[in-house]
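Counting from 1 along the sequence shown, just add 5 to a position and that's the residue number in my numbering.
Each residue gets a CB set at the ideal place from its N, CA and C atoms; glycine is no exception.
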Amino acid sequence: MYSFASLLSITRERELFEKISAAKKLFVAIFSEVGNRVGSVDLTEIHAGQKGIKISKGNELQHCPYQVLDIIRDFDPESGLNIRVLHWWGRGLFLQLYLGRIHPFLRTSRVEKLTQYEFNLCKADRWNYQQIIDQGKIGPFEVQYLPEHLLHYSHLQLIKTLPITEPDQVIQDVSLEIKRLYSLLRK
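If you want it as structure tokens, here you go:
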């Protein structure tokens, strides 16, 4: 695919790696600020089994770096709930909502309001971002098909792309999206 010489030449580009490091730190700082802005809410009002807010990062999601902001962090396939913001290099910034198969919210009339949030329905395993994002295994979220979807996938995962602009605007936009979800999900 790539010659040894071309790969070796990249390893000598110190400024490139300094820029990459600065970009990673910038997104961690953005996620930290978002976490501070949305973390003041009592998350147990939204989900009793919540485990708080966590930022994670890595370098090898389909060969690319990523940063993640997870809020609530209950990944139980039956009754879990998670709000995730994923920045995946080379792909973009994404907001995801995960609900376990029998999460109480799915049995309320409020689930219909999710259609107003411009989410797409993920039609792959919840961790298979290559299928969800790269291969586009998504579709429109339509409440009337939710029971059939839950039988097939045993969870509901929604995703939407968020714009990446200036850092302050990203912080504001992501915080607003999460607060909107809080309002909808609150018991």
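| Item | Value |
| --- | --- |
| 6 Å Cβ shell around E182 - same chain, five flanking residues per side excluded | L100 |
| CB contact below 7 Å: N41 versus chain C | Within the model displayed, chain C is absent; a lone protein chain is all it includes. |
| Euclidean distance between Cα positions of Y150 and H157 | 11 Å |
| Rounded straight-line distance, which links the Cα of F80 to that of L86 | 6 Å |
| Residues that DSSP places opposite F99 in a beta bridge | L91, T166 |
| Cβ-Cβ distance between V39 and S180 below 7 Å | yes |
| Integer-rounded CB distance, given that G57 should sit under 8 Å from R78 | 7 Å |
| Buried versus exposed call for Q72 [16 or more other C-beta atoms within 10 Å across all chains shown] | buried |
| Inter-stretch contact at 8 Å, needing at least 3 Cβ pairs: the stretch 7-24 / the stretch 138-152 | no |
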